[in-house]
Amino acid sequence: MAIKKSELYSSLWKSCDELRGGMDASQYKDYVLVLLFVKYVSDKYAGVADALIEVPEGGGFQDIIALKGQKDIGDGINKIITKLAEANDLVGIITVADFNDDDKLGKGKEMQDRLSNLVAIFENPALNFSNNRADGDDILGDAYEYLMRNFATQSGKSKGQFYTPAEVSRVISKVIGVNSAKNQSQTIYDPTCGSGSLLIKAADEAEQGLTIYGQEMDNATYALAHMNMVIHGHPTRDIQQGNTLANPLLKNEDGSLKIFDFAVANPPFSSKAWSNGLNPAKDEFQRFDGYGIPPAKNGDYAFLLHMVRSLKSNGKGAIILPHGVLFRGNAEAEIRKNLISKGIIKGIIGLPPNLFYGTGIPACIIVLDKEDAENRQGIFMIDASKGFVKDGNKNRLREQDIHKIVDVFNKQLEVAKYSRMVPVEEIAGNEYNLNIPRYIDSQEEEDIQDIEAHLLGGIPKRDIEALSDYWQVYPTLQQELFEAADRPGYLMLKIPGSEVKARTYALTKNIIDVY
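Going from the sequence shown to the working numbering is simple: count from 1 and add 3.
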């Protein structure tokens with residue numbers, strides 16, 4: 004029987020409650036997600052020959068269950084997880100959480116009870132993953148995302164960087180054309196991959212799949228990315244741990260940077276320490292050559308230029324950055340000018356504020372495309388800042404918002420107050436400032452009030468004429484609904500206001516049926 008997501012989510016959050024008190028949300032995710040991983044692979048692969056993951060004797064979730072109530076439960080869990088890790092080259096990945104840490108889990112009986120209760124939550128028969136995903140249901144992957152989303156919210160500022168909202172990930176994967184990938188040998192890369200959520204969403208957009216590469220600086224988050232990849236069915240991936248700017252680890256045999264078909268990134272915004280361990284003026288990978296060196300205390304363009312260098316000659320990418328990159332001056336203005344002059348920037352999508360965990364700063368997606376870049380004559384801009392729904396204390400893109408952004412961008416549709424193709428000449432005339440409001444006025448027109456209509460009644464004729472597009476489609480509708488008022492320039496309803504909706508439907512139904 005299929006596992007109900009609501010029941011799974013509830014159980015997982017109960018497990019978090021067991022851990023509260025000794026650590027904050029950014030730490031207890033390590034414990035919950037590791038146990039979730041062990042439970043999942045044990046249910047799916049224990050006793051299965053040639054399985055994706057080997058569950059060795061003494062290295063599965065059933066062995067952890069046997070430790071409930073024992074004094075040495077913490078040490079025992081560590082040993083079981085180590086066995087599983089050693090059998091699958093996951094040491095340093097699923098062994099990041101110390102289940103025998105009395106500073107976080109309590110001493111003696113407190114630790115014994117807390118871990119026993121935690122194991123009991125996962126032992127729940129309703130959480131049996133052995134038959135899950137047989138029909139393609141990715142319920143556990145969804146559970147990972149649910150937890151990561153909540154951990155990001157709970158962790159507060161700067162702790163939510165490991166997770167990119169799924170809706171934004173979908174937009175990125177669609178506007179860079181991942182669905183055009185012909186086979187799994189094509190590659191996708193994220194230089195700041197966090198939990199891998201953005202990489203996974205993008206790779207899943209390719210019908211045949213993609214070969215996944217990534218690098219993440221934080222060790223615990225790097226471990227989370229590996230587990231997330233396995234959970235989501237991406238066992239073949241190359242995720243490295245380290246500082247991408249100071250020490251990029253995805254390189255060719257000659258030491259040059261590996262290049263990719265697609266690249267995506269949601270780097271830490273405006274990093275002040277981006278150049279630690281790096282001499283940008285003597286960068287051995289020539290990432291800043293021909294563009295300029297980013298400011299010492301702001302690394303936004305450092306990540307963007309690393310991505311540009313990491314793309315093939317026809318490669319495509321997208322990076323999430325704060326709006327400041329579009330208009331800040333000095334060194335960044337020079338970099339922006341060079342990027343535009345070389346035709347690297349294909350488009351810019353302004354997103355609603357407060358979408359991301361850990362920051363309320365409005366962000367944009369900068370779409371990069373090296374293919375035919377030298378012939379690019381403009382940059383396609385979208386102001387999608389008003390399309391969202393409030394969801395708790397954050398904003399979220401709705402399905403219609405995602406569809407509109409993707410459809411308008413991929414078809415390069417010019418929509419009033421929303422999108423337009425901005426010629427490079429116009430951008431140059433604005434000194435290469437890319438601030439979206441310079442090119443798209445998304446402000447709503449002032450609602451002009453007719454005082455005479457308010458005082459004497461009637462509908463201003465100009466308001467009716469403003470709907471001329473509708474009257475052309477439904478030629479008889481205006482005459483059926485309105486008649487002249489007792490003074491020039493105003494109309495009156497022919498029928499009671501309560502009947503307008505039904506009459507309009509009846510009059511237009513025949514035309515709708517034809518189409």
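Positions of the beta carbon are idealized from the N, C-alpha and C atoms, including for glycine. Since the model is a prediction, treat every value here as computed from it, not as a measurement.
Residue i - DSSP class collapsed to helix/strand/coil
i: Leu11; result: helix
i: Leu314; result: strand
i: Tyr192; result: strand
i: Gly163; result: With a pLDDT of 47 at Gly163, under the threshold of 50, the modelled position of that residue is not reliable, and no figure is offered here.
i: Gly350; result: strand
i: Ile84; result: helix
i: Leu118; result: helix
i: Arg506; result: helix
i: Glu287; result: coil
i: Gln244; result: strand
i: Val51; result: coil
i: Ala268; result: strand
i: Glu94; result: According to the sequence provided, residue 94 is Val. The question's Glu does not apply to it. Val94: coil per DSSP, three-state reduction.
i: Arg339; result: helix
i: Pro325; result: strand
i: Phe40; result: helix
i: Tyr421; result: coil
i: Arg441; result: helix
i: Gln187; result: coil
i: Ala366; result: strand
Close beta carbons around residue i, own chain, < 7 Å, minus the five adjacent residues each side
i: Phe291; result: Pro283 and Leu308
i: Asn357; result: Gly363, Lys397 and Asn398
i: Thr479; result: Leu510
i: Ala305; result: Leu248, Trp277 and Pro297
i: Ser176; result: Lys204, Ala205 and Glu208
i: Gln244; result: Glu219, Asn222 and Tyr225
i: Asp138; result: Since pLDDT at Asp138 reaches only 36, below the 50 mark, its modelled position is unreliable, and the value read off the structure follows with that caveat. Within the same chain, Asp138 has no close Cβ partners at all.
i: Lys47; result: Phe132 and Ser133
Residue of the options minimising C-alpha distance to residue i
i: Leu314; options: Ala268, Phe359 and Gly327; result: Ala268
i: Asn378; options: Phe359, Ser344, Lys407 and Ile405; result: Ser344
i: Lys254; options: Tyr192, Phe272 and Ile234; result: Tyr192
i: Gly346; options: Ser316, Ala100 and Tyr473; result: Ser316
i: Ala488; options: Ile467, Ala206 and Ala100; result: Ile467
i: Glu287; options: Lys300, Asn250, Ala299 and Phe265; result: Asn250
i: Ser9; options: Val392, Leu150, Asn333 and Gly327; result: Leu150
i: Val41; options: Ala266, Ile203, Ser133 and Val418; result: Ser133
i: Gln446; options: Val411, Pro463 and Lys420; result: Lys420
i: Arg401; options: Asp453, His457, Leu39 and Ala169; result: Ala169
i: Ser274; options: Glu486, Asp303, Asp101 and Ile179; result: Asp303
i: Ile76; options: Val99, Asp104 and Ile97; result: Asp104
i: Glu374; options: Arg240, Asp264, Tyr473 and Ala431; result: Asp264
i: Gly293; options: Ala334, Glu256 and Leu281; result: Ala334
i: Asn120; options: Ala469, Asp106 and Leu70; result: Leu70
i: Asp78; options: Leu93, Leu459 and Phe102; result: Phe102
i: Glu428; options: Val181, Gly381, Ala49 and Asn413; result: Gly381
i: Arg117; options: Val411, Ile179, Lys17 and Leu39; result: Lys17
i: Asn186; options: Leu494, Glu210, Leu201 and Leu202; result: Glu210
Nearest-angstrom beta carbon gap, residue j and residue i [assumed within contact, 8 Å]
i: Arg423; j: Ile439; result: The pair is not a contact, with the Cβ atoms about 10 Å apart (cut-off 8 Å).
i: Leu324; j: Phe359; result: Wrong, their Cβ atoms sit about 11 Å apart, outside the cutoff.
i: Ile80; j: Ile67; result: 6 Å
i: Lys340; j: Tyr435; result: 4 Å
i: Ile338; j: Gly295; result: 4 Å
i: Ile430; j: Val411; result: Ile430 to Val411, Cβ: 20 Å. No contact.
Contacting residues, own chain, Cβ-Cβ under 8 Å from residue i (five flanking each side not counted)
i: Ile527; result: With the chain covering 4 to 518 only, the question about residue 527 has no answer from this structure.
i: Leu484; result: Leu496, Lys497, Ile498, Val503, Arg506 and Thr507
i: Ala366; result: Phe272, Ile323, Leu324, Pro325, His326, Leu354, Leu358 and Phe359
i: Ser259; result: Phe288
i: Val99; result: Asp33, Val37, Asn222, Ala223 and Ala226
i: Val174; result: Ile352, Ile368, Leu400, Ile405, Ile408 and Val409
Under 9 Å between C-beta atoms of residue i and residue j
i: Gly390; j: Ile369; result: no
i: Leu22; j: Tyr34; result: yes
i: Leu87; j: Val122; result: no
i: Leu213; j: Ala129; result: no
i: Phe383; j: Gly332; result: no
i: Ile348; j: Leu437; result: yes
i: Ala223; j: Ser172; result: no
i: Ser45; j: Gln73; result: no
i: Asn279; j: Asn301; result: no
i: Pro194; j: Ala90; result: no
i: Leu371; j: Val328; result: no
i: Gly61; j: Ile96; result: no
i: Val3; j: Ala387; result: Missing from the structure shown is residue 3; the chain here goes from 4 to 518 and no further.
i: Asn413; j: Gly236; result: no
i: Ile462; j: Tyr493; result: yes
Cβ neighbours of residue i in the same chain (closer than 6 Å, five flanking residues each side left out)
i: Ala49; result: Val58 and Gly63
i: Asp140; result: Low local confidence applies: a pLDDT of 49 at Asp140 is under 50, so the model's placement there is unreliable, and no value is given.
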